[in-house]
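Colleague:
Numbering (the working numbering), first residue to last: 1 to 232.
Put into structure tokens, the structure is as follows:
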């Protein structure tokens, strides 16, 4: 499979680190009905039900691309992906049956992503022009966070915190004001474990990976023209 590495985190090349691979699938130029027909064998029954329940076309495309991102991730590790086999924890975090691999999924705007690694991870992607209001600021900014003076700072912080709650598997059950981000570290005030954040800006999107230990990250971008590679 001819993947394109569009960005490699090389900051920590001085030592061997666990790797996280992030597979990004664009929803642009997708004919949804044709894609669902052409790649039906790649879509799990649960995902198909979810797609059918969604009311808006863009939501359906993002859901489809999240599943295809997972397929690209599994194929890269030579794992079965037709359709992908995964389940959810009691708190709703996706998980593979392979004990040595971890996945996480996110989507925003025209991108859906799946991150896969040998260590536990959480991933979040956010469109850089996503709309925010004051109540969002109050919901996510802790008194210990560096004050995000700009919209760019606020959205960067948002995606970093989202990736963290997805790492620990608690989602919105953990208030985002209960922990803070300083540089590439996350520290909790309520006993949740500390973590590292790997942050990137890719094509007008913010993307964060949270992990309990330092990682290196690689990012691969796919479009509708690449979907046929999953059938090769």
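For each residue, glycine too, the CB sits at the ideal point set by N, CA and C.
Computed from a predicted structure; not experimentally measured.
Using the three-state DSSP reduction, which class does residue 191 fall into: helix, strand or coil?
Modeller: coil
Colleague: Which full runs of the beta strand (DSSP E) of 3+ residues lie inside the stretch 47-99, going along the chain?
Modeller: none
Colleague: Sort 122, 153, 93, 85 by Cα distance to residue 136 and report the nearest one.
Modeller: 153
Colleague: Does the Cβ of residue 190 have 16 or more other Cβ atoms within 10 Å, making it buried, or fewer, making it exposed?
Modeller: exposed
Colleague: Measuring only the C-alpha atoms, how far is residue 219 from residue 22?
Modeller: 5 Å
Colleague: Are residue 186 and residue 164 touching if we call contact CB-CB under 8 Å?
Modeller: yes
Colleague: Among the candidates 200, 231, 102, 80, whose CA atom is the shortest distance from the CA of residue 167?
Modeller: Of the listed residues, the one whose Cα sits closest to residue 167 is 102.
Colleague: Nearest-angstrom Cα distance between residue 175 and residue 200?
Modeller: 24 Å
Colleague: Is residue 227 near residue 40, with beta carbons less than 8 Å apart?
Modeller: It is not a contact, given that the beta carbons lie outside the stated cut-off.
Colleague: Expressed to the nearest angstrom, what Euclidean distance is found between the alpha-carbon atoms of residue 52 and residue 148?
Modeller: 39 Å
Colleague: Should residue 64 be labelled buried (16 or more other beta-carbon atoms within 10 Å of its own) or exposed?
Modeller: buried
Colleague: Quick one: measure Cβ to Cβ for residue 123 and residue 104, integer angstroms, because I've assumed they're closer than 8 Å.
Modeller: 4 Å
Colleague: Please report the residue range of the alpha helix (DSSP H) in which residue 165 lies.
Modeller: Here the alpha helix (DSSP H) through residue 165 covers 151-168.
Colleague: Start and end of the alpha helix (DSSP H) containing residue 36?
Modeller: 32-38
Colleague: Express the C-alpha separation of residue 69 and residue 62 in angstroms, rounding to a whole number.
Modeller: 10 Å
Colleague: Where DSSP assigns a beta bridge to residue 174, which residues make up the other side?
Modeller: Answer is none; residue 174 lacks a bridge partner.
Colleague: Between the Cα of residue 54 and those of 74, 32, 42, 114, spot the shortest distance and give me the residue it belongs to.
Modeller: Comparing Cα positions, the closest option is 32.
Colleague: Find the nearest neighbour of residue 89 within the set 83, 130, 160, 170, judged by alpha-carbon distance.
Modeller: 170
Colleague: Residues in its own chain within less than 7 Å of residue 192 by CB, not counting five upstream and five downstream?
Modeller: 168, 174, 179
Colleague: Does the separation of the CB atoms of residue 221 and residue 30 fall below 8 Å?
Modeller: Going by C-beta atoms, residue 221 is not nearer than 8 Å to residue 30.
Colleague: DSSP beta-bridge partners for residue 185?
Modeller: Secondary-structure assignment with DSSP links residue 185 through a beta bridge to 182, 196.
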